[in-house]
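In UniProt numbering, the protein residues as written are 1 to 982.
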């Protein structure tokens, strides 16, 4: 803004704006003459060239601009008048000239009484116009169609008195889809554009506007999808009458992938390239209120876009059985809540589902379930259904079944769903009963839980159903559908008030726009995905090779022979991605699962469903850890600020990160504190008397902070028992992290000894080792906090497993170095046997520490390699899709009448898809150059990091330098000590 506020610019602009309100020749009492000799009192500010003319010439200047606002000079200023009041006429059918067959007066001019006074709505406001229709032909063309041919959509069918320009309909359509502006707000804006002082006196055609806009959506969708051209005769591989926007990158057999390629040529190793990846999720924002509506209202799309056909779906829902329990007002059995006879073992998710049921009392539709392509986030044709009082498997089954309507020739189908661990169990039975014709799909269906949702599942789910640990998935996150809801939920404010059919049409239009936005960005999206995948391969392959080279070859050979997938034998689950040690120590997660299950069983028996003490204490422990991290971050920030006094960017970045983390902690802490007071009212005085401090130092008032009599008086005895069990698991988890941190430290010490020489380099390398050593201290502190709480809650101070941890215990013999003199007499500290079963064999011990990490690192690398291969195929399919669409529209053009509007429209669509194909190919051509830039940036960063750490040496390869950078940037100690999170 600075440039606009300097040198009297503000005053100059303001003066220029005021100058448009008058005219130099109108100063004083003089008035200019029009070119025809009459007095010039009128002007049109909406015309490109604004000149002052007489009324007759002004009308002549607007034979086809009947919706301009014009102004009249009243002697002191310009005031708005209507062209209608100046006898302006709108003639249809003859390019603005009167119809030769129209009724005429004696002077040969059109009879004024033969014109119809109408209200015309355009983007600049609401106008009154005198419209003369064409009288040619026997019988003459109906008025409504004459208006439409003139770019005016009639508000009614018979004797229309209102019409909307195509421009205003297109304009609202774009605004509604982009900014979610409602029809009411848009029409109110038009009224204010017409008369800012008295908008309430402007003609109210809102009801007609709603009706016409709905029709406009329908016609636009039919036109764009090709259904207006009978496109099904050209594309025979898709369901009939479909108006959905398809994903160009997903495999569509017979369109962008030849059928014989999938059915004959492909091997199992290529499945990730040709799998149809789907994602399903429920949304409880897109509700519809229980209210009186129009029983005759129907969806114009009628199941041909994204929502399924409503009458058939209603018939299905009414027959499904357990789904009735979800919709009814009767007592609900929580274990059949998800429309499944299989009891849910993920107790936390189950509890959340039950809590949601109470929220839908005033809604006849409680939300939707949708199916998207999981890779690119486009809604599937026919993949959206309504929900009734909660999300049931029956609803998801129907959405999935309809979404698979075009996938008959796919050999592999994969679904991500937030409760897939339960959903899959009886899917064969359900589909066999309700969708027998789709059973072939179920035999080809695999599945997983999306990455964000899986963190709330039990430990077994986190390896069994993780997208990280299943082959041929690449970087499948499964959460793209969550991002689409954030955009589409903006329709909820208006659609919850509409009739059922109108609601479906609006949301179908929103789904289509979402898909189209994805399509036109596909080239850039794929290039970004490719760069990320290649960067991951460069990072993960050296990491895995490094780990493999450091592992005894015999173990590597044994592990390579093991299966990569989980199995259940004799009711026991085993997975190579988690340690399978018998009778291992309790963990925080297992303790949490047992406690939450017990609470759920108790709440079901009592009939009171709600979050219990387990969830509350568990969240408190998370806040406690964030407090510790916050204090540690503050200390680190002080170091950064002192160390980088000149580097303002790095300093600012560090401060911003610390500030954001503190704000996030405060948002977590505040509702937790409120819940604490509600749960333990007697704590109110204790909390009120606490000293004021920062959020990182806030006292949390756990049960462990009081002795047993105090816990009893405060009503915290049960909470104390729960905290004990959670703290016990927390302590064992911390010990495991301490062990991993020590191993990482030892590995890097050995590396330093073998590879680093010279005093400057050793000094800098020592700084790096201090960072690794600090990781041991961080986890040791977490253990000490947990043990301290356990002692207050009853743990014996001489417990054989959970002993006092001193810094001298943070040690182990370094197996990466040659044995030192006297080392054989030393015994590793107690932490290396704490919580482990007695008489553990060396083989089990090795598996405990190393095997899981090796398997997970290999999975990491494999997913990255698969992603690179997958993106390369996606690009090829996208270009083929665009080229195929261009061919299809070219065919539709040739099949249309030459010179007709359909032929012209098809021609433009064909050009558009040709351009999309060209742009995609051009974007992909930049991939090689982009990869070189990425690698150069990594190398430059690696050199800077190595120089700072004292590890820069000419004998090291570029790959090794980049590897060290990644270790530094991605968490140093954690990069080696921790595997990826499931």
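Glycine included, every Cβ here is placed at the ideal spot set by N, Cα and C.
Treat the numbers as computed from the prediction; the structure is a model and nothing was measured.
A straight-line Cα-Cα distance of about 12 Å links residue 46 and residue 20. Here DSSP, grouped into helix, strand and coil, assigns residue 163 to strand. With fewer than 16 other Cβ atoms inside 10 Å of its own Cβ, residue 184 counts as exposed. Taking the Cα positions, residue 320 is about 19 Å away from residue 370. Where residue 461 is concerned, the enclosing alpha helix (DSSP H) starts and stops at 459-464. About 4 Å separates the beta carbon of residue 177 from that of residue 513, a gap short enough to meet the 8 Å contact definition.
Residue 735 has its alpha-carbon roughly 15 Å from the corresponding atom of residue 774.
Secondary structure at residue 745: helix, using DSSP grouped into helix, strand and coil. In the structure shown, residue 471 falls within a coil segment according to DSSP collapsed to helix, strand and coil. DSSP places residue 567 in the uninterrupted beta strand (DSSP E) bounded by 567-569. Leaving aside the five residues that flank residue 41 on each side, the residues in its chain whose CB is nearer than 6 Å to its CB run, in chain order, 72, 73. Three or more Cβ pairs drawn from the stretch 137-154 and the stretch 89-96 lie within less than 8 Å of each other, which places the two stretches in contact.
Straight across, the Cα-Cα distance linking residue 749 with residue 536 is about 26 Å. One thing to note: residue 831 has its Cβ no nearer than 8 Å to the Cβ of residue 727.
The beta-bridge partner set that DSSP reports for residue 279 consists of 372, 416.
By a beta-carbon distance limit of 8 Å, residue 216 contacts residue 169. Their separation comes to about 4 Å. For residue 861, the CB contacts under 6 Å within the same chain, skipping 5 residues up- and downstream, are 540, 541, 544 in chain order. Contact fails between the stretch 878-887 and the stretch 481-499, because fewer than three Cβ pairs, one in each stretch, are under 8 Å apart. Considered as a whole, the stretch 119-173 harbours 143-149 as its complete alpha helix (DSSP H) runs of no fewer than 4 residues, in chain order. Residue pairing by DSSP places residue 73 opposite 78 in a beta bridge.
With fewer than 16 other beta carbons inside 10 angstroms of its own, residue 439 counts as exposed. Leaving aside the five residues that flank residue 504 on each side, the residues in its chain whose CB is nearer than 8 Å to its CB run, in chain order, 299, 301, 307, 310.
With the rule of 3 Cβ pairs closer than 8 Å, the stretch 886-895 does not count as touching the stretch 490-500. Cβ-Cβ separation between residue 380 and residue 305: approximately 11 Å, too far for a contact (criterion under 8 Å).
For residue 871, the three-state secondary structure derived from DSSP is helix.
DSSP places residue 574 within a strand segment (E or B) once states are collapsed to three. Three or more pairs of CB atoms, one per stretch, sit closer than 8 Å, so the stretch 194-206 contacts the stretch 118-132. In this structure residue 420 is in contact with residue 447, their Cβ atoms being roughly 4 Å apart against a cut-off of 8 Å.
With a beta-carbon spacing of about 7 Å, residue 459 and residue 590 fall inside the 8 Å limit used to define contacts. Annotation: the continuous alpha helix (DSSP H) that includes residue 709 extends over 708-714.
Residue state for residue 411 is assigned as coil, using DSSP reduced to three classes. Closest by C-alpha distance to residue 810, out of 780, 138, 373, 662, is 780. For residue 905 against residue 223, the beta-carbon gap comes to about 7 Å, under 8 Å, which counts as contact.
Within the same chain, 364, 365, 496, 503 come within 6 Å of residue 288 by CB-CB distance, once the 5 residues on both sides are set aside. By the criterion of a C-beta distance shorter than 6 Å, residue 867 is surrounded in its chain by 474, 475, 533, once the five residues flanking it on both sides are discounted. In the structure shown, residue 620 falls within a helical segment according to DSSP collapsed to helix, strand and coil.
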